[in-house]
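Written below as structure tokens is the structure these notes are about.
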Amino acid sequence: MKRQCHEAKRISLTGDRHNNQDRSIVLEAGSTTLLAVADGLGGHPKGEVAAQLFIDTCESLLRRVVHPIRDPRHFMYECMHKAHHAIINYGNRQTPPICPRSTAVMAIVQHGKAWWAHVGDSRLYLIRERNILIQTHDHSVAQPIGGQPSARPRSALTRCLGGLDQPPEVSFGTPMALHDGDTLLLCSDGLWNQVPQERLVELMSIDDLGAGLQRAGSMASSQPRSDNVTAIALRWGEAGRTNSESTGVVHRSA
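Each residue of the sequence shown is one higher than the one before, counting from 15 in this note's numbering.
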């Protein structure tokens with residue numbers, strides 16, 4: 015009898031920056047797989063710490079719950095809120111106090127379904143048959159550069175983890191049943207902001223998922239003044255046992 019399984023690939027590239035403030039994790043526990051990407055805000059101190067605190071919170075909470083997770087939405091809510099408070103507490107302990115911040119996007123995959131949540135402009139895509147079926151909506155607004163309307167606008171985040179004491183409103187996706195060949199892509203803006211959407215879909219649809227993800231990352235990181243580039247791609251399918259079905263597999267990236 016065939017079993018549902020998947021493969022997951024990751025990249026995390028520094029790009030044209032001094033350090034990498036992105037963090038990610040792929041964590042498997044029983045029949046549950048957690049995927050998460052965080053992008054520490056470079057305009058604020060210790061963005062990499064904020065991103066890591068989100069990843070650490072996700073891992074810690076997943077190890078404490080029974081699998082499969084009974085209420086994935088509530089679990090993701092807890093991850094976001096506990097991480098937010100951990101970031102605030104960390105900042106308050108510094109001398110002088112600081113305000114680290116991070117975006118966050120995460121997904122739970124179990125029993126052939128996917129749940130997801132996000133804060134900020136790190137995105138999740140669900141790609142099916144070379145089409146984008148789902149794309150999260152960024153929590154950001156466009157701002158002209160230097161008061162020049164003709165210049166390409168930059169985006170300013172309207173929500174993030176950290177910063178304000180009040181936790182941000184978390185956006186949740188509607189749970190989706192996964193089909194054979196579906197690809198979930200979670201990524202920081204360093205990827206989606208540099209790779210044309212049509213090309214991204216093409217690369218995420220080729221048979222060799224790892225090669226496609228590497229090409230997308232190389233394309234993004236090779237651009238002038240490129241940002242950190244971090245992404246996780248999960249390809250769903252029904253096949254025999256694979257390494258990704260092993261319990262307790264953890265893949266982290268900084």
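All residues carry an ideal CB built from backbone N, CA and C; glycine is no exception.
Coarse secondary structure for residue i, derived from DSSP in three states
i, result
"M94", "helix"
"S45", "coil"
"I102", "helix"
"L178", "coil"
"L192", "coil"
"G54", "strand"
"G134", "coil"
"R173", "coil"
"G251", "strand"
Where the alpha helix (DSSP H) containing residue i begins and where it ends
i, result
"E216", "Q211 to L217"
"S236", "No alpha helix (DSSP H) contains S236, which DSSP labels as neither H nor E."
"L205", "D203 to W206"
Spatial neighbours of residue i in its chain, beta-carbon cut-off 7 angstroms, leaving aside the 5 residues before and after
i, result
"G315", "Nothing can be reported for residue 315, as the shown portion of the chain is limited to 15 through 268."
"P86", "I122 and W129"
"G251", "C19, H20, D194 and G195"
"A191", "G126 and K127"
"R173", "V133, G134, H153, P182 and E183"
"S235", "L27, G29 and V243"
"H58", "C113, P114 and R115"
Contact set for residue i: own chain, Cβ-Cβ below 6 angstroms, skip 5 residues either direction
i, result
"S219", "R144"
"W130", "A121, L138 and G187"
"V123", "T47"
"G54", "Q35, G61, E62, A64, A65 and S116"
"D241", "G29 and G204"
"I25", "L227, G231 and A245"
"T150", "H132, R137 and L138"
"F89", "I83"
"I148", "L140"
Start and end residues, beta strand (DSSP E) containing residue i
i, result
"T117", "R115 to Q124"
"N34", "Segment: none, N34 is in no beta strand (DSSP E) and carries neither H nor E."
"Q149", "N145 to Q149"
CB-CB length for residue i against residue j, believed under 8 angstroms
i, j, result
"W137", "H193", "Note that residue 137 is Arg in the sequence shown, not Trp. The pair is not a contact, with the Cβ atoms about 20 angstroms apart (cut-off 8 angstroms)."
"I101", "A64", "5 angstroms"
"G176", "C113", "6 angstroms"
"L67", "Y104", "6 angstroms"
"A52", "L248", "Not really, about 17 angstroms apart at Cβ, beyond 8 angstroms."
"R37", "I83", "The pair is not a contact, with the Cβ atoms about 22 angstroms apart (cut-off 8 angstroms)."
"L200", "L49", "5 angstroms"
Any non-hydrogen atom of the ligand HEM closer than 7 angstroms to residue i Cβ
i, result
"Q124", "For the structure depicted, the ligand HEM is absent and the ligand set is empty, with no information on it obtainable."
Residues of its chain near residue i, where Cβ-Cβ distance is below 8 angstroms and the 5 sequence neighbours each way are ignored
i, result
"R77", "A43"
"I146", "Y139, L140, Q211 and V215"
"K96", "T71 and L75"
Contiguous alpha helix (DSSP H) assignments of at least 4 residues, all confined to the region 57-89: 61-78
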